[in-house]
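Participant: Questions regarding the structure given below will be posed in turn.
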Amino acid sequence: MKSQWMLISGLLFALLIAIFAVINVDAVEVNYLFGSTRTPLILVIMISTLLGGLLVGSIGMLRFFALQRRVKQLEKQLLEARGPEGLTVVDEVKYEESSATEIEDELSQQNQK
Numbered sequence: 001m002k003s004q005w006m007l008i009s010g011l012l013f014a015l016l017i018a019i020f021a022v023i024n025v026d027a028v029e030v031n032y033l034f035g036s037t038r039t040p041l042i043l044v045i046m047i048s049t050l051l052g053g054l055l056v057g058s059i060g061m062l063r064f065f066a067l068q069r070r071v072k073q074l075e076k077q078l079l080e081a082r083g084p085e086g087l088t089v090v091d092e093v094k095y096e097e098s099s100a101t102e103i104e105d106e107l108s109q110q111n112q113k
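Take a look at the structure:
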């Protein structure tokens, strides 16, 4: 559901940018570091939007890959933390506690006899 809303909002944003760009078709002067040129405003808007989207997408991908790497590190730590029988430390403690209660029950039954 969240991805559908993201898609719909992205399409609406793209539609608004397209409408804004089509309305502004006048030529404007764009100053670069080493010169200037006259270009239609629609190109300036579209190129700026495209570059902004690429920048945001690149940052998002870098964050995604960093998080993916962190997940792999944590999975590796989890596998290393497991005991020889594949039990975690918590599972081993629970097993020892259940064994202790079984032994106590047997001893109490023997004492009652």
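Under UniProt numbering, the first residue of the sequence shown carries the number 1, and numbering increases by one thereafter.
Ideal Cβ positions, reconstructed from N, Cα and C, are used throughout, including at glycine.
Distance check for L7 and M1, CA to CA, integer angstroms please.
Facilitator: Along the sequence shown, one-based indexing puts residue 1 at 1. Along the sequence shown, one-based indexing puts residue 7 at 7. Each residue's Cα considered, the two are about 10 Å apart.
Participant: Would you report the Cα separation of K76 and A66, rounded to the nearest angstrom?
Facilitator: Taking the first residue of the sequence shown as 1, we reach residue 76 at position 76. Taking the first residue of the sequence shown as 1, we reach residue 66 at position 66. Taking the straight line from one Cα to the other gives about 15 Å.
Participant: Who are the Cβ neighbours of I17 in its own chain at under 6 Å, not counting the five residues just before and after it?
Facilitator: Within the sequence shown, the letter at position 17 stands for residue 17. Once the five neighbours on either side are set aside, the close Cβ partners of I17 are T49.
Participant: So which of G35, F20 and T39 has the shortest CA-CA distance to A27?
Facilitator: Reading the sequence shown from its first residue, position 27 is the one you call residue 27. Selected option, being the one with the closest Cα: T39.
Participant: To the nearest whole angstrom, what separates the beta carbons of V44 and T37, a pair I think is in contact under 8 Å?
Facilitator: What you label residue 44 is simply residue 44 of the sequence shown in a count that begins at 1. What you label residue 37 is simply residue 37 of the sequence shown in a count that begins at 1. The C-beta separation of V44 from T37 comes to about 10 Å, leaving the pair out of contact by the 8 Å criterion.
Participant: Per DSSP, residue 171 is paired with what?
Facilitator: No information on residue 171 is available, as it lies outside the stretch 1 to 113 that the chain covers here.
Participant: From E80 to V56, what does the alpha carbon distance come to, in whole angstroms?
Facilitator: Within the sequence shown, numbered from 1, the residue matching residue 80 stands at position 80. Within the sequence shown, numbered from 1, the residue matching residue 56 stands at position 56. Distance between the alpha carbons of E80 and V56 is about 36 Å.
Participant: Between N24 and Q4, what straight-line distance do the alpha-carbon atoms span, to the nearest angstrom?
Facilitator: For the purposes of this step, residue 24 is identified with residue 24 of the sequence shown, where counting begins at 1. For the purposes of this step, residue 4 is identified with residue 4 of the sequence shown, where counting begins at 1. Straight-line Cα distance between these residues: approximately 30 Å.
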